[in-house]
Amino acid sequence: MLRQDYNRIDPKRRNVLDYRKKQFADPAYKETEYPHRLNFYATPPTADITLEQFEQWAIDRLRILAELEACSFRNKSPAETASHMKPLLEKYLPLDSNTSSSSKLFAERQKDHYSHFILRLAFASTEDLRRRFSRVETMLFRLRLNEDTLRERNAFVQSINLDCEPVTEEERNEYRDELAATAGFRKNNEDELWFKVDWERVPDLVEGRRVFLKAGKAYVPSREQASMVVAEFTQRLERALELTARALPRLDEDDRLTPILDHLSKNFTTPDASYNSSTSSVPGADISARNVDALSSHFPLCMQHLHRSLRRDSHLKHFGRLQYTLFLKGIGLNLEESLVFWRTSFNKVSDDTFNKEYKYNVRHSYGDVGGDSNRRGGGYSPFSCQKILTEHPPGPGEAHGCPYRHFNLENLNTLLQGVGISDRAVLQGVKQDKDSQKFHMACNRVFEYVHKKEIQKAKEEGIMTSAQLETIVHPNEYFKRSYLLKNLGKVKTEDVKMEG
Amino acid sequence: MPHSVSNSPPNDMEQIMGDASPQNGDSQTTDNDIPMAEAEETPTATDGDEKKDVKLEDLFADVDSDDEFPSSKPAETKPSSSPEAPSSPMDIETDVKASDPEIMRMFYQRLFPWRHLFQWLNHSPTPTNDFGHREFALTLQGDIYLRYMSYPTSDLLRKDILSKMPSRFEIGPVYTTNPRDRKTLRNLSAFKPLSKELCFDIDLTDYDDIRTCCDKANICNKCWQFMTMAIKVIDAALRDDFGFKHIMWVYSGRRGAHAWVCDKKARVMDDQKRRAVAGYLEVIRGGAQSGKKVNVRRPLHPHLSRSLDILAPHFQTDVLESQDPWSTPARAEHLLSLLPDKTLNDSLRKKWDSSPGRASASKWADIDAVAKSGAGGKSLDTRTLLEAKQDVVLEYTYPRLDIEVSKKLNHLLKSPFVVHPGTGRVCVPINTKRLEEFDPLAVPTVQGLLAEIDGWEGGGGGGGAGAEEEGKGENVQDWEKTSLKPYIEAFRGFVLALMKDERDPKVKRERDEDEGMEF
């Protein structure tokens, strides 16, 4: 295939330039104005900035984005995120509204504008980075949109020209009941403005059944417009990132910016990825198929539940098997032992059925079979709490997921008591954590209760620093820590310093 | 498959010529059938003979151009000339399993609607990328699973299926490039799924905690009613709310049904939009331990109130009366756990304990009766109770979707008209206009169908071999001789309507508006 030279000017634009000056052509400087606080980042910046500014602005924005991502990993509600981010935003990336008489208005908006585009360059290179970047940028945008005053928001929304059709009076009368049902409890929706758009434009409203649908059109109340604006923002950003990625090779010649950009994108690591399988195994432990029953006392509640379900039914459904297999893989059960474990656990099925229906999946999880990338990557990595909490909620008859989140309180208490936790204070605490959706906290609370003595001892003797005892956000970390604490005397912890 | 590549240009030509006039489709096939009539003249011969025959064909499959249009019609089996004919269908029906390769071969060769399948996926009579870049996944005998297969034309697909004899095959998405070439691409991210029908999968095993008649893979007409309700609710939502028009429901061969939403708009949806539709339709959430499975906001969303209207009559007859879901104390306890008031529950429990074996319909009526009599405690207001009862109705009737199938663009789903290897039943389309009449246990099986072909006697009175009738018989294809006929005709109608909409956007828009006015 012929590749177009990147330095070649787009044929359509060629005539615009004087052909004699073509080789000296540069992107022309354009005066930028920032009439609104928010920005769709449609036009790239053209003014000169110093290298120090380039780096500093990018780092400041990156700090904000990383923090936002961390908030989402910790499962914070939008309100909590907003209050958590407020001081940070003021420090690193302030953005005042038009009504404030701040003299730095232009400087603030310029920094916001430029830093966004710098990070675009840094994160356009791979698909994975692009996805994460557009996710967190969308979060930032949504956060800012929500704290905007109504007037400014409306002015901004007008300026970006979303095409949506207002719902006529007739239609409103015709669908009065339906519209009222989606408007929620508020009774004064008579005066509310409604817009009619293709439902594809507001997928999140559709998913939550928050709009009325008729023949492919969604009837959106004006206050839900924010979600449309956000969707539009994401969409445009994703498209722009693709284009940036294609233009990136041109940057290779620039030896000033490339190192900075590389550095930036490398620092943007997922907190989630901090769990590393090489540090997870516990030396000295007998990790084998016949020992899983004994080890299961060190498992977090989700895995204990899977284990108990497996023992009770001699069967687990697909996602349960996946979650449990990967966990076992994470604690160091090798493929052969894992196959032995599953074979003996599924004692109601024939060898034939097992080999046909289940064996492949186990092998696939270990990277023994499957596509190239799966085998090279050694299969999947064990699920983090984040993943278990947010992906694939269990359906009828399924035992995976996080008990603190996916069980109702009664069943959760039964399960907790079943594994020997009947302390009233702990159960009460778990209930509060569950009510406020702090599922990690509930799990860690149980961990601390079960290992109270050992933690005390470990702290006193200085075997583990408090950094090593911070909040657990991975089932495998739970196991490892539990095992080490319960075997304080037997295992030399010096060799296995935990990364935390 | 190097030979398929070398062979494809002539095929394309033939295909184009063959398909350019879909109206003449039938006669065309028959014309092409003629040269092959000899090759297949032995449908009633012994198994051994036929096996040999077919294997020879396979060996020379790509050399023998006749094979491109093998007969879908056997040499006429005149009852007078071949008296042993009736005996062979009996053999087939009684002795042979559906997964038997010979049975499958005959089915694929003589009955499977290849042309319609091709047109359905291709959206046009001439081969396009919609078909050529479409992934097929074949499950071969012995559970070998071949993914990323693709075929330029329907005949190549047919030929490959006939040579590999998969026990079933699945349909995946259309990719950016030919799936077979994916490894030749410089960067793998360029190989992406582009479009696929929006699919739904409903399986009766997900109803195990509320159906009392059967469990696991077993079904009967009683619990099939759950499927009837599910199809009604989902179909209504897809048509009225999302505005989709080309929706095909297919019986999955054993215990479930699939929906294929084929509108262009639905096919090009990305994962986020698929997730949105799935979330919109999903009501029953939570695993075995999560207690109350229905948690919906009030006031009820229009989709839910419409669904309740559809489901309420079914709840009375198909759940309360025929399933009797709360007959045992343990099951009744589950009902109580869904009700909001402790005092009410206690009085109900007392009442039911004193009369064991009380029917579920009476128990359901008791709730209101007891509440009205004032045994419900002071805190209980009628609205809370009504809402709880609505939730119970939803939990016992609302469709339980296997949601993962719908969420992902690149999910594979078993093709329509494939034979279920366990039951031998053909995955036939379900007529939603006559949904109540659909009987999963009466769906044609391969064995039965092959027997029907052999037992076919010219459609008419049977005995008379008049010249006119004979002439008519020549134009009759094998599927027309069997009970598969209405299903294939329905499929053809569906495909033609779909192609019409794809072909002529202008007409489509006009019709859209017309339909819009109706609502």
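As they're listed, the protein sequences go chains A and B. Just so we're aligned, residue 1 is where the first sequence starts under full-length UniProt numbering, counting upward by one. Just so we're aligned, residue 1 is where the second sequence starts under full-length UniProt numbering, counting upward by one. From the three backbone atoms N, C-alpha and C, an ideal C-beta is built for every residue, glycine too. Nothing here was measured: the structure is a model prediction, and the numbers come from that model.
Shorter than 8 angstroms from the beta carbon of residue i to some beta carbon of chain B?
| i | result |
| --- | --- |
| A:T353 | no |
| A:W194 | no |
| A:R209 | yes |
| A:T344 | no |
| A:F479 | no |
| A:A226 | no |
| A:W57 | no |
| A:G420 | no |
| A:N347 | no |
| A:H406 | yes |
| A:E391 | no |
| A:A181 | yes |
| A:N411 | yes |
| A:F212 | yes |
| A:G397 | yes |
How long is the line joining the alpha carbons of residue i and residue j, rounded to whole angstroms?
| i | j | result |
| --- | --- | --- |
| A:Q386 | B:G291 | 23 angstroms |
| A:F123 | B:Y398 | 44 angstroms |
| B:A359 | B:F315 | 14 angstroms |
| A:L179 | B:P299 | 11 angstroms |
| B:E57 | B:L157 | Confidence in B:E57 is poor, its pLDDT being 45 and thus under 50, which makes the residue's placement unreliable; the coordinate value appears in the next sentence. So the two alpha carbons sit approximately 16 angstroms from each other. |
| B:S252 | A:K431 | 43 angstroms |
| B:C220 | A:Q304 | 37 angstroms |
| A:A82 | A:R63 | 15 angstroms |
| B:T382 | B:D368 | 9 angstroms |
| B:T445 | B:L140 | 20 angstroms |
| A:R250 | B:R168 | 50 angstroms |
| A:P396 | B:F226 | 16 angstroms |
| A:L335 | A:A215 | 52 angstroms |
| A:V473 | A:F447 | 12 angstroms |
| A:A294 | B:D201 | 40 angstroms |
| residue 502 of chain A | A:F117 | Examination of residue 502 of chain A is not possible in this model, given that chain A is present from 1 through 500 alone. |
| B:T384 | B:G243 | 34 angstroms |
| B:G357 | B:S327 | 6 angstroms |
Given a cut-off of 8 angstroms on the beta-carbon distance, is the pair residue i and residue j in contact?
| i | j | result |
| --- | --- | --- |
| B:L132 | B:N178 | Reading off the sequence shown, one finds Gly at residue 132 of chain B, where the question assumed Leu. Contact: yes. |
| residue 527 of chain B | B:I430 | Nothing about residue 527 of chain B can be read from this structure; chain B reaches only from 1 to 519. |
| A:P203 | B:Q272 | yes |
| B:R274 | B:K192 | no |
| A:L485 | A:I455 | yes |
| B:L198 | B:V261 | yes |
| A:R130 | A:L261 | no |
| B:I247 | B:L412 | no |
| A:V349 | A:Y360 | no |
| B:D215 | B:D402 | no |
Tell me, please, whether the CB atom of residue i is closer than 8 angstroms to any CB atom in chain A?
| i | result |
| --- | --- |
| B:S206 | The sequence shown places Asp at residue 206 of chain B, rather than the Ser named in the question. Closer than 8 angstroms: yes. |
| B:F169 | no |
| B:L388 | Here residue 388 of chain B turns out to be Ala, not Leu, going by the sequence shown. For B:A388, the answer is no, since every Cβ of chain A falls outside 8 angstroms of its Cβ. |
| B:H301 | yes |
| residue 523 of chain B | No answer is possible for residue 523 of chain B: the residues shown for chain B start at 1 and end at 519. |
| B:S189 | yes |
| B:Y396 | no |
| B:Y280 | yes |
| B:F242 | yes |
| B:R331 | no |
| B:Q323 | no |
Check whether the Cβ of residue i lies closer than 7 angstroms to any heavy atom of the ligand PLP, and answer yes or no.
| i | result |
| --- | --- |
| B:M227 | As far as ligands go, the structure on display features none, and thus does not contain the ligand PLP. |
| query | Three or more beta-carbon pairs under 8 angstroms between the region 191–206 of chain A and the region 154–168 of chain A, yes or no? | reply | yes
| field | Contiguous alpha helix (DSSP H) assignments of at least 4 residues, all confined to the region 347–411 of chain A | value | 359–365, 372–376, 385–390, 403–406
| Runs of alpha helix (DSSP H) wholly within the region 97–175 of chain B (minimum 4 residues, chain order) | 101–110, 114–122, 129–132, 154–164
| message | Does the region 100–114 of chain A come into contact with the region 32–52 of chain A, if we say contact requires no fewer than three beta-carbon pairs (one atom in each stretch) closer than 8 angstroms? | response | yes
| field | Minimum length 4: unbroken alpha helix (DSSP H) runs contained in the region 383–468 of chain B | value | 403–407, 446–455
| query | Which parts of the region 89–156 of chain A are runs of the alpha helix (DSSP H), unbroken and 4 residues or longer, counting only runs that do not cross its ends? | reply | 105–123, 127–147
| request: Entirely within the region 179–236 of chain B and at least 3 residues each: give me those beta strand (DSSP E) ranges in chain order. | output: 193–195, 198–203
| request: State whether the region 385–397 of chain B contacts the region 306–325 of chain B, with contact taken as three or more CB pairs (one from each stretch) at a distance under 8 angstroms. | output: yes
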